Each structure stands twice: as C-alpha cells, then as structure tokens.
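Letter by letter, the sequence shown follows residues 6 to 351 of our numbering.
Yeah, the Cβ is synthetic: ideal placement off N, Cα and C, and Gly gets one too.
The model shown is predicted, which means the values in this text are computed figures rather than measured ones.
Working notes, beginning with the structure itself.
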Amino acid sequence: MSEAAGVAPPGPTGVPAAQMSRVMGTWLARAIGPVALLDLSFPALNLMGAFRDGLPGLSDVSAMPAAAGAFFRRFRIAGGRHPLFGLGSAEDAAILADDRSIWSAGGRQRLAYAEAPVHPGILRQLREAESWLLLRDPGAAMLAAPELSELDALRLRLCLGEHAAEHVLLLPAREAAGVRHGLAEAARQLGLLEGDPEDRPGALELRVQPPPPGVHLLAEVPAAALIHDGAYRSEADGGYTWVWTGPARHFRMALGGLPAGAGWIKVAVIGVGKASQLDRLVATLNGVPVPHRLERWSETSAAVIVDLPDPLPGSLLLGLAVPETMQEPEGSRRLGLCVHKIEIFA
6 MSEAAGVAPP GPTGVPAAQM SRVMGTWLAR AIGPVALLDL SFPALNLMGA
56 FRDGLPGLSD VSAMPAAAGA FFRRFRIAGG RHPLFGLGSA EDAAILADDR
106 SIWSAGGRQR LAYAEAPVHP GILRQLREAE SWLLLRDPGA AMLAAPELSE
156 LDALRLRLCL GEHAAEHVLL LPAREAAGVR HGLAEAARQL GLLEGDPEDR
206 PGALELRVQP PPPGVHLLAE VPAAALIHDG AYRSEADGGY TWVWTGPARH
256 FRMALGGLPA GAGWIKVAVI GVGKASQLDR LVATLNGVPV PHRLERWSET
306 SAAVIVDLPD PLPGSLLLGL AVPETMQEPE GSRRLGLCVH KIEIFA
C-alpha cells in the first residue's frame, strides 16, 4: 500500500487544497481569535499547516483499510508521548486531557477539522469538549448532524481559479450569527470578500489569490512538533529541541499537505554516531527512494536536502534510513540520527 494512504474529500487536492486550507486557517484566526485545533485529516493535515501547533488525528480509523490503520498506529505525536488521536477511546481521552496539550490551554476556541465522516465516538467527545467542528465534506456534515443536533451550520466556500472547496462549520446556534458576521468582517479585512454578505444569506465565499512570488522559507517544524515513526521522545534545552531516531534504522516524518510553491526540504541533522550513517543515508518520499544531497557542517552533522516532486502529492511522508544504528555511549538506546528541525523552502 502507499505510505500516504488516505481518503480524498470532494474538491481540490494537493497544492490547491493546502493553499486554501491555509487561507481558511488565517480567516478563522482573524475572525474568532486563538484556536485549539484538532486536525482529523491525517495524513494530509491541511488545516494544521495554517497553525503553529495543534493535535493531528484520524476521523474514523474503522473506515480505513486494516493495513492503513496498522501503519498509522506507528506514528507518535507530542514529542513522542502519544499516538495519533483517533486510534482508541482510552488513548484519545489521555491526549485530550494532557495538560501540556494546546487542547487544554485556556483562552482558545476548540475546533476540530475533518475531510471525511467522523466516528460517532469522536463526535461525542467533541460535544463534551464544547468544540466546534469544521468539515470540508458537506456529506460528512449531514452524517454528523444527528450526533450534534444542538449545533447550527455555517456554509463557507473558498475559490482558487477553477478550484472550489465547500466547508460546513458546526457551532452553537446562539453563536452562529455573531460568528458569521465576524467571518465576513475578517474576510473583508483580508481583501478576499466582495460585496455585502448580509445581502446574500447563503454560503460566505472567498476568492483566494495565488501565492506571491519570491517566497523562500515557507515553513519550519522543530523536533518537538514532528509527527514521526521510528524515533524516541524529543529532548530539549530551553527552547532548543531535538529527537534521536532509533532503535530501527528507518525514520519517517508525516509532513501533511505542503505549502503552495514548496520546492525542497532541509532536515537539520545535528549529530550521528559515526560518519557512515550520513554517508550511506537513504531518503524516501511516500516510500519511494529519492536522491538527496548533504550540506556538510562537520563529520557527524549536516543538512539533508531533498527536492520535492512537481506536482506535489496531497500528503507527504519523508523517510530517512541509516545503514545501522549505534549503541549510545551511556545508556541502552540504539541511535541513528539526531534531528533538530525540518525547513521547507520554495
């Protein structure tokens, strides 16, 4: 099976979907303020790309092929403390209750996002958490309606050229009118809304512009925020974080839907056990071996640079494999690469 297996929602995919989701995130943040996001669209994670942090998860693992579910169970989040959200009720409850999680942070509106129907058990958890729910699939919104019958629906539409994405925002009925007004005002401030939405009671529609030219660094993901398979828990010294891969030779990072214009990735490897782990490194994109180059800083550190395909896939798994792992000098772990961060460039 493909390492990026998933179910595509209606509407655009790949770069247009990622770009529109980032506009959606900017729009929501401008209209409603700080958001605590639970993005249930793994592995695409299009909306999570618009926020600096959030929780990644699956909308309904029982609807996926067994092989896909088994593969996704390997990934860890929150610095390696938890699996993906959506794999089981006990683990899910622990993820939402973690006081280090953005979901538990005060002063933020809880918002879940999905691109496919959401499992009824997760819908009940969202209702108990008083979370809003944004769905990029109107059909999924209809399926969620019986579980969330006390919520009202706002229809939102994003257009980019010939592409269009329909969204439904489910939220308490008492707040719907005020939020619609806030969304309209935010869209006007962003220069993406034409006319007066009060004269058009249907969907709020935004016209998304192509990304401006000349963008260089598009995104940066520190080690503590990586969604990974094949590494230990992240470590930190103040705000500086890193993660050691191991004990297996293979390390995978789920990057979701990348920003529009993304052309190459740089992985900052700040340490290895011996030079051959860098010299004989193998890189993969969605399970397929690809060329890479090293920007060497020392015998045991380098930037690993991987060019991205054109067109970009809807979601991306970057893999790095070392020829062997090394026993750490003091301790019991077998180590591969020490990764500090990932940078995505145009």
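#1: In the segment 18–49, which residue ranges form an unbroken alpha helix (DSSP H) of at least 4 residues, counting only runs that do not cross its ends?
#2: Taking the CB atoms as reference points, tell me whether HIS233 and ALA326 lie closer together than 8 angstroms.
#3: Would you check if the distance between the CB atom of THR250 and the CB atom of GLY324 is smaller than 8 angstroms?
#4: Throw me the rounded Cβ distance for the LEU140 and HIS172 pair, which I believe falls under 8 angstroms.
#5: I need the straight-line Cα distance from ALA259 to ALA182, nearest angstrom please.
#6: Is ALA49 closer than 8 angstroms to ARG2 when the C-beta atoms are compared?
#7: Does DSSP put ASP58 in a helix, in a strand, or in coil?
#8: Answer yes or no: do ARG115 and LEU92 have a C-beta to C-beta separation smaller than 8 angstroms?
#9: Answer yes or no: do LEU138 and LEU195 have a C-beta to C-beta separation smaller than 8 angstroms?
#10: Are the Cβ atoms of PHE350 and LEU231 separated by less than 8 angstroms?
#11: Please go through the segment 225–292 and give each complete beta strand (DSSP E) segment of 3 or more residues, from N-terminal end onward.
#12: So who's on the other strand from LEU174, going by DSSP bridges?
#13: Using a threshold of 8 angstroms, state whether the C-beta atoms of THR246 and PRO264 are closer than that.
#14: Identify, in the order they occur along the chain, each residue of the same chain with its Cβ nearer than 6 angstroms to the Cβ of ILE37, setting aside the five sequence neighbours on each side.
#15: To the nearest angstrom, report how far apart ASP44 and PRO151 are at their CA atoms.
#16: Would you call the CB atoms of SER46 and HIS124 closer than 8 angstroms?
#17: Taking 6 angstroms as the limit between beta carbons, can you name the residues of its chain near ARG185, skipping five residues before and five after?
#18: At the level of alpha carbons, what is the spacing between GLY84 and HIS345?
#19: To the nearest angstrom, how far is it from the Cα of MET331 to the Cα of THR289?
#20: Check the DSSP bridge columns for PHE90 and list the partner residues they point to.
#21: Please report the straight-line C-alpha distance between GLY266 and LEU321, rounded to a whole angstrom.
#22: DSSP beta-bridge partners for ILE349?
#23: Please state whether DSSP places ASP312 in a helix, a strand or coil.
#24: State the DSSP-derived secondary structure class of ARG193, mapped to helix, strand or coil.
#25: Tell me, which residues are paired with ALA119 by DSSP?
#26: Which residue from ALA191, ASN51, LEU156 puts its Cα closest to that of MET25?
#27: Taking PRO328 as the reference, which of GLU133, ARG81, ALA253, GLY268 has the closest Cα?
#28: So SER106 packs on LEU153, CB below 8 angstroms; how close in whole Å?
Short version:
#1: Listed in chain order, they are 19–37.
#2: Cβ atoms of HIS233 and ALA326: not closer than 8 angstroms.
#3: Between THR250 and GLY324, the C-beta spacing is not below 8 angstroms.
#4: That belief holds up - the Cβ atoms of LEU140 and HIS172 are roughly 7 angstroms apart, short of 8 angstroms.
#5: So the two alpha carbons sit approximately 37 angstroms from each other.
#6: Any question about residue 2 goes unanswered here, given that the chain covers just 6 to 351.
#7: Three-state DSSP puts ASP58 in coil, outside helix and strand.
#8: Result no, Cβ atoms of ARG115 and LEU92 do not sit closer than 8 angstroms.
#9: Contact flag unset, no.
#10: No, these two residues do not count as a Cβ contact at 8 angstroms.
#11: The DSSP assignment places complete beta strand (DSSP E) segments of no fewer than 3 residues inside the segment 225–292 at 240–242, 245–249, 255–261, 269–277, 287–290, in order along the chain.
#12: In the DSSP assignment, LEU174 forms a beta bridge with LEU139, LEU159.
#13: At the C-beta level, THR246 and PRO264 stay beyond 8 angstroms of one another.
#14: If the five residues before and after ILE37 are omitted, its C-beta is found closer than 6 angstroms to the C-beta atoms of GLN114, all from its own chain and listed in chain order.
#15: So the alpha carbons of these two residues sit roughly 21 angstroms apart.
#16: The answer is no: Cβ separation not under 8 angstroms.
#17: Cβ within range, chain order: LEU159.
#18: If you take the alpha carbons of GLY84 and HIS345, they lie about 12 angstroms apart.
#19: So the alpha carbons of these two residues sit roughly 21 angstroms apart.
#20: GLY62.
#21: If you draw a straight line from the Cα of GLY266 to the Cα of LEU321, it is about 14 angstroms long.
#22: ILE349 is bridged by DSSP to ALA224, ILE270.
#23: Looking at ASP312 - three-state DSSP - the assignment turns out to be strand.
#24: Note: ARG193 maps to helix in three-state DSSP.
#25: DSSP lists LEU140 as partners of ALA119.
#26: Nearest C-alpha to MET25 among ALA191, ASN51, LEU156: ASN51.
#27: With distances taken between Cα atoms, PRO328 lies closest to ALA253.
#28: No, SER106 and LEU153 are not in contact; Cβ-Cβ is about 22 angstroms, not under 8 angstroms.
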